[in-house]
Amino acid sequence: MSEGQLYRLRAPSTGRELLLAAEPGKVYTDHDTGEELVVVGKVLPLEPSKSSLPWAVETLRFCNWCDQPAQKDLNDCPTCGRRMAALPS
Numbered sequence: 000m001s002e003g004q005l006y007r008l009r010a011p012s013t014g015r016e017l018l019l020a021a022e023p024g025k026v027y028t029d030h031d032t033g034e035e036l037v038v039v040g041k042v043l044p045l046e047p048s049k050s051s052l053p054w055a056v057e058t059l060r061f062c063n064w065c066d067q068p069a070q071k072d073l074n075d076c077p078t079c080g081r082r083m084a085a086l087p088s
């Protein structure tokens, strides 16, 4: 299980982004500029999820049963619930 919902935070002046399991009401600052980071979105998959990987081209594969995307660190498809084929080595 993942540790919490990941959020994408951005420093407005530099555009640098950070993925973080942020807590509501807590202020996060950029370590270089000291400015407050702005939450720009939630990272998929949304909590609760059995995967700890964000949805990105590099971390997804397709279920051999239902052809829906799933994270590479899952054995069972989150859509159809069936065991997916092993990843090629």
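Okay, so the sequence shown: first residue is 0 according to numbering that gives the first Met the number 0, each after it adds one. Just so it is clear, CB atoms sit at the ideal spot from N, CA and C, and this is done for glycine as well.
query	result
Any heavy atom of the ligand HEM inside 6 Å of the beta-carbon of N74?	With respect to the ligand HEM, the structure shown offers nothing to examine, as it has no ligands at all.
Beta carbon of C79, beta carbon of A69: below 7 Å?	no
Helix, strand or coil for R7? Go by DSSP, reduced to three states.	strand
Can you tell me the Cα-Cα spacing of Y35 and A10, whole angstroms?	The question names Tyr, but residue 35 in the sequence shown is Glu. In a straight line, the C-alpha of E35 is about 7 Å away from that of A10.
Which residues does DSSP pair with L17 in a beta bridge?	L8
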